[in-house]
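Trainee: Before I ask anything, let me first share the structure, which is written out below as structure tokens.
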Amino acid sequence: MTNSAADPVLSVADLRVTFGERTEAVRGMSLSVARGETHCIVGESGCGKSVTSLAVMNLLPRGAARSAGHIRFHGRDLMGLSEREMARLRGDKIAMIFQEPMTSLNPAYTIGSQMAEVFERHRRAGRRAAMDRAAELLARVGVTAPGMRLGQYPHQLSGGLRQRVMIAMALMCDPELLIADEPTTALDVTVQAQILRLLQKLQQELGLALLLITHDLGVVARMAQRVSVMYAGQVVESGPAAAVFAAPTHPYTRGLLACIPVPGTVRRDEPLGSIPGMVPRIAPGFIGCGFRDRCGSAMPECAGAVPLRDAGGGHTHLCRLLPDATRAPGA
Amino acid sequence: MTHAIEVRNLYREFQQRAGMAGERRSVRAVDGVTFSLSAGDVLGVVGESGCGKSTLARLIMGLLPPSSGEVLVDGRSLAGMDRRERARLIQPVFQDPFSSLNPRQRIRDIVGLPLAAQGALSSRLQADRVMEMLARVGISSEMAERRPAQLSGGQRQRVAIARALVLRPRIVVCDEPTSALDVSVQAQILNLLAELRRELGLTYLFISHNLAVVEHIATEVAVMYLGRIVEQAPVEDLFRTPAHPYTQALLASVLTPEPALGIPDVGLGDAYPDPANIPSGCRFHPRCPQAFDKCAQTMPDNIRQDGRLVECLLAVSPPAKREATPGLAPA
């Protein structure tokens, strides 16, 4: 199954991000996203999923350093680009949506002027044309009375509306890669479903490559074609979403799935499954499995090098355990 | 019989300006809410942003005065009650343990503050109570000397719970207590809250946008829409046979980790509810997929059916040609 890797829009190999000498936030992350594909990175806070996306965009905070085999966008390695060249791509061919639309929108400017700025800058368009484009995209993402909304300030909009504005803004310059970091986490369920449907529809219509970062396995299950489960800076399990959810192979993925309350399966007065302990802080040079302190299947050998196992069909996991022998063939 | 908490016809209006020089308009955030709970009950309150659930929480906690109506705890009205006395009856756990704990104080001082404010205990007894409570929520005496920034999100929420319970209140108002946490940590906190309720006979008002979480912890569920409870029922009934079309839409929006199901179309259209402009008749009718002509004129007020509250005309006078919706037929 190499067809998705044939001509990926984004391809990342062996990405590492360190924060000084004490923390290695991303430890050898590889992934690729094809045109029209949704690839989800899922994991708990601190696992390195957001840092991965910031590293791709070269937006890491001061004090962080990245290295990688390559970070290719349409075959062009972003690692060698100057800040100026990178700035030309951001908001243009590569767009990003963040979790908190309230903090990523500037409270002092109207929706219209923030949306127009992107277009004016990348397309050298006049204010009039940029405002027309903004109104058109607001309508496209389901905002009613777009003309009126352009004159409003972020605080005057509901959370769902703000996130629609963020999506519309991201689409101003027809991006090919959209990186969405927890785009619906701050929203209510009906709004979340609407925003995700919208993202899915836009992605199909525009052929976007979507890298979706989330902590929510429900969102992953319903949106992803491919999923990468991250833990302590590494992808511990990766594969087609259907295969990963049908037969999760890494103990961490299994633990996460047991933690989720699912309506209709609640057993009253029985505690939910939970993973004891917390995500460790990992320093550069850390050896062994990052999950071993929390893992029910941990053995002394887990402190050594961890093998990457292949369950077939592009489904891999990083663990000494072999893929479950009971897995249905072809699943 | 005296209820642990009784909320009678609670209203709250806000004055809002549209824009800097816009017209003043009044927003009915809580529009006639009535319910009562017995000791040990957990009322889950669910609804979209702007539905008034957090305003309801603030009214009940006495952080906001109601425009009219009253809240009684153990038969005594909270209106005009001394703050210290109210604090002994009712305590909050907020969503964000990053902003609800004073970053400059040590954990043991944060948890001791409610006791210190009461001024009833010697410092020695107070310290004992604090350590006992911290131990109960799983915070070690070593961690008690630290400051919030040195703790993880889950640990901070444990501290917030300890602070709420140190006065042994009757009612705990939990406003999105696990929304800022990772799933594995969320499961730990939910299990802890459930244990504490059983042990201490607590009554919770549990506000959440996450229906799966509410199903897990609540005994009774109230669904709020534009300031009103539109459906209230025991948790099993509400999840098994949701009667109100809005409840049905909410349940349909829950994204369980089942990849084959895709993103549901909740059928609500893209109109957002505006608390400053509440529709005539049934306030849900502009978004309701089952609305009929009468819904725009007649307000379905306080309709009770089989031990549940359903503010929907379908429950009393369904349109002639329509077949009864499953779940509305008497069992």
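In order, the protein sequence lines correspond to chains A and B.
For what it's worth, our numbering labels the leading residue of the first sequence as 175, then goes sequentially.
For what it's worth, our numbering labels the leading residue of the second sequence as 1118, then goes sequentially.
Where is the CB? At the ideal position from N, CA and C, for every residue including glycine.
Using 7 angstroms as the threshold, is the C-beta distance between B:V1338 and B:G1161 below it?
Mentor: Within the second sequence, residue 1338 of chain B is the residue found at index 221, counting from 1. Within the second sequence, residue 1161 of chain B is the residue found at index 44, counting from 1. Their beta carbons are under 7 angstroms apart, which means B:V1338 touches B:G1161 by this criterion.
Trainee: Whole angstroms are fine: how far does the CA of A:F465 sit from the CA of A:A477?
Mentor: In the first sequence, residue 477 of chain A corresponds to position 303, counting from 1. In the first sequence, residue 465 of chain A corresponds to position 291, counting from 1. C-alpha separation (whole angstroms): 10 angstroms.
Trainee: Counting contacts by CB-CB distance shorter than 7 angstroms, is A:S178 in contact with chain B?
Mentor: For the purposes of this step, residue 178 of chain A is identified with residue 4 of the first sequence, where counting begins at 1. Legend: pLDDT at A:S178 = 43, less than 50; position of this residue unreliable, value from coordinates given subsequently. No - not a single Cβ of chain B is within 7 angstroms of the one on A:S178.
Trainee: Based on DSSP bridge pairs, tell me the residues matched to A:A238.
Mentor: In the first sequence, counting from the first residue as 1, residue 238 of chain A sits at position 64. According to DSSP, A:A238 bridges with A:F193.
Trainee: Out of A:A304, A:L391, A:L335, A:R295, which has the shortest C-alpha to C-alpha gap to A:G286?
Mentor: Indexing the first sequence from 1 puts residue 286 of chain A at position 112. The option with the nearest alpha carbon to A:G286 is A:A304.
Trainee: Please list, in chain order, the chain B residues whose beta carbon lies closer than 9 angstroms to that of A:F465.
Mentor: Taking the first sequence and counting its residues from 1, the one referred to as residue 465 of chain A is at position 291. Those do not exist, as A:F465 stays about 11 angstroms from chain B at its closest Cβ, beyond 9 angstroms.
Trainee: Just to make sure I have the definition right: I need the residues of chain B whose C-beta is within less than 8 angstroms of the C-beta of A:C433. Which are they?
Mentor: In the first sequence, residue 433 of chain A corresponds to position 259, counting from 1. Result: V1300, S1301, Q1303, A1304.
Trainee: For the alpha helix (DSSP H) that B:E1130 lies in, which residues bound it at each end?
Mentor: As a first step, residue 1130 of chain B must be located in the second sequence, where it is residue number 13. First-last for B:E1130: 1122 to 1134, but that is the beta strand (DSSP E), not the alpha helix (DSSP H).
Trainee: Under a CB-based cut-off of 7 angstroms, is A:M346 close to chain B?
Mentor: By one-based count along the first sequence, residue 346 of chain A stands at place 172. With 7 angstroms as the cut-off, A:M346 does not count as an interface residue toward chain B.
Trainee: What does B:L1160 pair with, by DSSP beta-bridge criteria?
Mentor: Residue 1160 of chain B sits at position 43 when you count from the first residue of the second sequence. According to DSSP, which records beta bridges pairwise, B:L1160 is partnered with B:L1322, B:E1337.
Trainee: Could you give the distance in angstroms between the alpha-carbon of A:C214 and the alpha-carbon of B:R1175?
Mentor: Taking the first residue of the first sequence as 1, we reach residue 214 of chain A at position 40. Taking the first residue of the second sequence as 1, we reach residue 1175 of chain B at position 58. The alpha-carbon atoms of A:C214 and B:R1175 are separated by roughly 37 angstroms.
Trainee: For A:G217, which residues from the same chain have a beta carbon less than 8 angstroms from its beta carbon, with the 5 sequence-adjacent residues on both sides left out?
Mentor: Position 43 of the first sequence holds residue 217 of chain A. So the qualifying residues of the chain are K223, H389, V403, M404, Y405.
Trainee: What three-state label does DSSP hand B:G1149 in the structure shown?
Mentor: Here residue 1149 of chain B refers to the residue found at position 32 of the second sequence. Correct three-state label for B:G1149: strand.
Trainee: Can you name, in chain order, every residue of its own chain whose Cβ lies under 8 angstroms from the Cβ of B:I1306, other than the five neighbours on each side?
Mentor: Along the second sequence, one-based indexing puts residue 1306 of chain B at 189. Excluding positions up to five away in sequence, the list reads G1271, Q1274, R1275, I1278, P1294, T1295, L1298.
Trainee: Find out if the Cβ-Cβ distance for the pair A:A485, A:P474 is shorter than 7 angstroms.
Mentor: Taking the first residue of the first sequence as position 1, residue 485 of chain A is located at position 311. Taking the first residue of the first sequence as position 1, residue 474 of chain A is located at position 300. In this structure, A:P474 does not lie closer than 7 angstroms to A:A485 by Cβ.
Trainee: Does B:R1225 pass the burial test, meaning 16 or more other C-beta atoms within 10 Å, or should it be called exposed?
Mentor: Taking the second sequence and counting its residues from 1, one reaches residue 1225 of chain B at position 108. Buried.
Trainee: Counting Cβ pairs, one atom from each stretch, are 3 or more of them under 8 angstroms apart for the region 1344 to 1362 of chain B and the region 1418 to 1426 of chain B?
Mentor: Flag = yes, the region 1344 to 1362 of chain B and the region 1418 to 1426 of chain B touch.
Trainee: Measure the C-alpha to C-alpha separation of A:A242 and A:S256 and round it to an integer number of angstroms.
Mentor: Translated into positions along the first sequence, residue 242 of chain A becomes position 68. Translated into positions along the first sequence, residue 256 of chain A becomes position 82. Using only the alpha carbons, I get a separation of about 16 angstroms.
Trainee: In angstroms, rounded to a whole number, what distance separates the CA positions of B:L1251 and B:V1283?
Mentor: In the second sequence, counting from the first residue as 1, residue 1251 of chain B sits at position 134. In the second sequence, counting from the first residue as 1, residue 1283 of chain B sits at position 166. Taking the straight line from one Cα to the other gives about 9 angstroms.
Trainee: If we define contact as Cβ-Cβ less than 7 angstroms, is B:E1375 a contact residue for chain A?
Mentor: Translated into positions along the second sequence, residue 1375 of chain B becomes position 258. True, the Cβ-Cβ gap to chain A drops below 7 angstroms.
Trainee: Just the Cα atoms here: how many angstroms apart are B:Q1267 and B:A1261?
Mentor: As a working mapping, residue 1267 of chain B is identified with position 150 in the second sequence. As a working mapping, residue 1261 of chain B is identified with position 144 in the second sequence. Cα to Cα, the separation comes out at about 11 angstroms.
Trainee: With H, G and I counted as helix, E and B as strand and the rest as coil, what does DSSP make of B:P1383?
Mentor: Along the second sequence, one-based indexing puts residue 1383 of chain B at 266. As written in the sequence, residue 1383 of chain B is Val, which differs from the Pro given in the question. Here B:V1383 sits in coil by DSSP.
Trainee: What in chain B is Cβ-close to A:F419, meaning under 8 angstroms?
Mentor: Mapped onto the first sequence, residue 419 of chain A falls at position 245. Result: P1374, E1375, P1376.
Trainee: One question on the structure: do A:R371 and B:I1380 come within less than 7 angstroms of each other, judged by their Cβ atoms?
Mentor: Position 197 of the first sequence, counting from 1, holds the residue named residue 371 of chain A. Position 263 of the second sequence, counting from 1, holds the residue named residue 1380 of chain B. It is a contact, given that the beta carbons lie within the stated cut-off.
Trainee: Give a yes or no on whether 7 angstroms exceeds the smallest Cβ distance from B:E1332 to chain A.
Mentor: Reading the second sequence from its first residue, position 215 is the one you call residue 1332 of chain B. Cβ-Cβ to chain A under 7 angstroms: yes for B:E1332.
Trainee: Residues of chain A with a CB under 8 angstroms from the CB of B:V1383: which are they?
Mentor: Walking along the second sequence from the start, residue 1383 of chain B turns up at place 266. The answer, in chain order, is T364, A367, Q368.
Trainee: Could you tell me whether any Cβ in chain B is nearer than 7 angstroms to the Cβ of A:E218?
Mentor: Here residue 218 of chain A refers to the residue found at position 44 of the first sequence. It does: the Cβ of A:E218 has a partner Cβ on chain B nearer than 7 angstroms.
Trainee: Please go through the same chain and pick out, in chain order, the residues whose beta-carbon is closer than 6 angstroms to the beta-carbon of B:G1167, but skip the five residues on each side of it.
Mentor: For this step, residue 1167 of chain B is matched to residue 50 along the second sequence. Result list for B:G1167: P1392, in chain order.
Trainee: Taking all protein chains shown into account, decide if B:A1329 is buried (16 or more other Cβ within 10 angstroms of its Cβ) or exposed.
Mentor: The residue you call residue 1329 of chain B lines up with position 212 of the second sequence. Answer is buried; the Cβ neighbour count reaches 16.
Trainee: Pull up the distance between the alpha-carbon of A:D511 and that of A:L386, whole angstroms please.
Mentor: No statement about residue 511 of chain A is possible, as the shown extent of chain A runs from 175 to 505 and does not include it.
Trainee: Spatial neighbours of A:F193 within its chain, please: CB distance less than 7 angstroms, with the 5 preceding and 5 following residues excluded, ordered by chain position.
Mentor: The residue given as residue 193 of chain A occupies position 19 in the first sequence. The residues are A199, G237, A238.
Trainee: Of the residues that make up the region 1203 to 1224 of chain B, which ones have a beta carbon closer than 8 angstroms to any beta carbon in chain A?
Mentor: Correct list: empty, as no residue qualifies.
Trainee: For A:H524, which residues in chain B fall below 9 angstroms Cβ to Cβ?
Mentor: Residue coverage of chain A in this structure runs from 175 to 505, which leaves residue 524 of chain A outside it and unanswerable.
Trainee: Taking the C-alpha atoms as reference points, what is the distance between A:D348 and A:D188?
Mentor: In the first sequence, counting from the first residue as 1, residue 348 of chain A sits at position 174. In the first sequence, counting from the first residue as 1, residue 188 of chain A sits at position 14. Using only the alpha carbons, I get a separation of about 29 angstroms.
Trainee: What residues are listed by DSSP as bridge partners for A:M404?
Mentor: Along the first sequence, read from residue 1 onward, the residue named residue 404 of chain A stands at position 230. For A:M404, which the question treats as bridged, DSSP gives the partners A:V409.
Trainee: Are any of the Cβ atoms in chain B nearer than 7 angstroms to that of A:L376?
Mentor: Counting from one through the first sequence, the residue named residue 376 of chain A turns up at place 202. Taking Cβ atoms only, chain B never reaches closer than 7 angstroms to A:L376, which makes this a no.
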